[in-house]
Amino acid sequence: MAYWLQVATYVTTSNNRYWQLSKYMEDKFVVTEEQIRNAGEKVLVPGVKRSITDLNLIQEVALSDHKVKITVASAALSSDTQEWVKTRLKESIDKLPEVKGLEIAFTEAKPADLNKIDNIIAVMSGKGGVGKSLVAGLTAIALRRQGYKVGVLDADITGPSIPKMFGVTGRPTGSDTGFLPVPSRSGISMMSINLLLPSEDDAVIWRGPLISNTIKQFGNDVLWGKLDYLVIDLPPGTADAPLTVLQSFPISGVIIVYTPQDLVDMIVRKAVNMAQKMGKPVLGVVENMSYLYVPEIDKKIELFGKSRGDEMAKVANAPLLGQIPIDPEMAQLCDAGDIERYDGDIVNNLGKALSQAISA
106 MAYWLQVATY VTTSNNRYWQ LSKYMEDKFV VTEEQIRNAG EKVLVPGVKR SITDLNLIQE
166 VALSDHKVKI TVASAALSSD TQEWVKTRLK ESIDKLPEVK GLEIAFTEAK PADLNKIDNI
226 IAVMSGKGGV GKSLVAGLTA IALRRQGYKV GVLDADITGP SIPKMFGVTG RPTGSDTGFL
286 PVPSRSGISM MSINLLLPSE DDAVIWRGPL ISNTIKQFGN DVLWGKLDYL VIDLPPGTAD
346 APLTVLQSFP ISGVIIVYTP QDLVDMIVRK AVNMAQKMGK PVLGVVENMS YLYVPEIDKK
406 IELFGKSRGD EMAKVANAPL LGQIPIDPEM AQLCDAGDIE RYDGDIVNNL GKALSQAISA
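106 is the number of the first residue of the sequence shown in the numbering used here; add one for each residue after it.
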């Protein structure tokens, strides 16, 4: 822009018409709303590793005569964080030569009004101890590796294990208007009751209504922003807590987790029936602890009985998304909080199968 203005100004000494060209070019080089929002992408909210644009905090951009007014939602932002965001946003926009004046104002908003989540996937099982949290974690990792913006809500209030599995120990920040999720190493946004307790070993000894209200708060008061997928790790069974999730969240589909045992048929049917009664589609089933692979003899040993993958897929009237083995490496990474480092083919295969199921 500067080059054109210099040329036009220089030529005005011989012909006044070129002054008009200078004015024309200046008017043409006006800032756009897209430029402003792109500038917001460079402003990362402290402790979240996500931009104010990604969190859907930029509510309005008003442009007039090279002047810009930006309205930013203050949801879940402390007063210090608001000042930090304001300073960094000004620095980012000041780099745009087209902007001659800037005003940044904050407005109150609720996280629930700002959250724009394309797909919400509930991971459930008819009983506990089948590795539901592991499948929820691997599902989030698989989707993240495909380039999607992913969040995980640990709705298993009395038995939360997602933070431990991912090595997430930071406490959620926020304000009286809401909470900000805590990011994992790969950028998966997370919220769990364990991140709010004084110690991860503290027992949550609550009755059903309090648990249900907490789950609802995780949906209404957590600023998830813009996500392609939110994976919810449901409590086991079909009682109050999973019922609250299925009623309170616009669930896109359900993944049912089971292990290859004789009781599995009844357990899977219970989960399928609940999903159907709640009007939630079953995206597929995942068989956990399917086998143990022994590389020294190149053999799969079915410790808990023959695989029932095809059979359970028919019961659920949904595809078999994956068969997860008993893998010592996976177990070690979970214990160390490094599950995101797991590089088995089952993660990529799970992601591909899930993408196909969602698009079907």
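Built from N, CA and C at the ideal position, the CB exists for glycine as well.
Once DSSP output is grouped into helix, strand and coil, what is the label at residue i?
i      : result
Gln392 : Before going further, note that residue 392 is Glu rather than Gln in the sequence given. Correct three-state label for Glu392: strand.
Thr263 : coil
Asn120 : Summary for Asn120: the model assigns pLDDT 49, below 50, so the residue's position carries little reliability; its value from the coordinates is reported in the next sentence. Note: Asn120 maps to coil in three-state DSSP.
Ile222 : strand
Ile444 : helix
Gln322 : helix
Ile406 : strand
Gly279 : strand
Val327 : strand
Leu149 : strand
Gln428 : strand
Leu455 : helix
Ser238 : helix
Gly256 : strand
Met332 : It is Leu, not Met, that sits at residue 332 in the sequence shown. Three-state result, Leu332: strand.
Ala462 : helix
Asn161 : coil
Gln251 : coil
Gln140 : helix
Val112 : Interpretation of Val112 is limited by its pLDDT of 40, a score under 50 that renders its predicted location unreliable; no figure is taken from the coordinates.
Thr274 : coil
Tyr129 : Confidence in Tyr129 is poor, its pLDDT being 43 and thus under 50, which makes the residue's placement too unreliable to answer from.
Lys411 : coil
Pro365 : coil
Lys232 : coil
Phe134 : Note that Phe134 has pLDDT 48, beneath the 50 cutoff, so the model's placement of it is unreliable and the number below is only indicative. Looking at Phe134 - three-state DSSP - the assignment turns out to be coil, as it is neither helix nor strand.
Ala107 : Any reading at Ala107 needs caution, since the residue's pLDDT is 42, under 50, leaving its predicted position unreliable; the model's value is listed next. Helix at Ala107.
What separation, rounded to the nearest whole angstrom, lies between the Cα atoms of residue i and residue j?
i      : j      : result
Gly389 : Gly342 : 17 Å
Asn143 : Asp170 : 20 Å
Gly206 : Pro288 : 35 Å
Cys439 : Ile198 : 42 Å
Gly410 : Pro365 : 6 Å
Val112 : Val257 : At Val112, the pLDDT of 40 sits below 50, so the modelled position is not reliable; the number obtained from the coordinates is stated separately. Those two C-alpha atoms are separated by around 55 Å.
Leu332 : Ile356 : 14 Å
Asp345 : Gly313 : 6 Å
Ala467 : Pro340 : Missing from the structure shown is residue 467; the chain here goes from 106 to 465 and no further.
Arg276 : Val150 : 15 Å
Lys154 : Arg290 : 10 Å
Gln164 : Lys237 : 37 Å
Leu95  : Ala227 : For the chain, the structure presents residues 106 to 465; residue 95 sits outside this window and is missing.
Asn453 : Ile444 : 14 Å
Thr263 : Ile310 : 7 Å
Glu208 : Asp185 : 18 Å
Asp448 : Val362 : 21 Å
Met435 : Ala465 : 30 Å
Leu425 : Ala180 : 40 Å
Asp338 : Lys200 : 43 Å
Gln187 : Arg193 : 10 Å
Val327 : Thr319 : 11 Å
Ser460 : Val369 : 25 Å
Leu243 : Gly283 : 27 Å
Met383 : Leu455 : 25 Å
Val377 : Val387 : 7 Å
Thr349 : Lys321 : 8 Å
Met270 : Gly442 : 5 Å
Would you mind reading off the limits of the alpha helix (DSSP H) that contains residue i?
i      : result
Asp440 : 433-440
Thr349 : 345-353
Arg374 : 369-382
Gly414 : 414-421
Which residue or residues does DSSP assign as beta-bridge partners of residue i?
i      : result
Ala227 : Ile337, Val359
Arg155 : Val150
Val387 : Val359
Could you please give the first and the last residue of the uninterrupted beta strand (DSSP E) stretch that includes residue i?
i      : result
Val399 : 397-399
Should residue i be flagged as near chain C, meaning a C-beta pair shorter than 8 Å?
i      : result
Ala227 : Judged by its chain identifiers, the structure shown contains no chain C, having just a single protein chain.
Just to check, is the beta-carbon of residue i closer than 7 Å to a non-hydrogen atom of the ligand COA?
i      : result
Ile451 : Among the ligands in the structure shown, none appear at all, so the ligand COA cannot be discussed.
- Message: Extract the residue ranges of the beta strand (DSSP E) inside the stretch 282-312, only unbroken runs of 3 or more that lie entirely within it.
- Response: Segments of the beta strand (DSSP E) lying fully in the stretch 282-312: 294-297.
- Would you list, in sequence order, the uninterrupted alpha helix (DSSP H) runs of no fewer than 4 residues that lie entirely inside the stretch 163-217? Counting whole runs of 4 or more residues, the stretch 163-217 contains the alpha helix (DSSP H) stretches 184-198.
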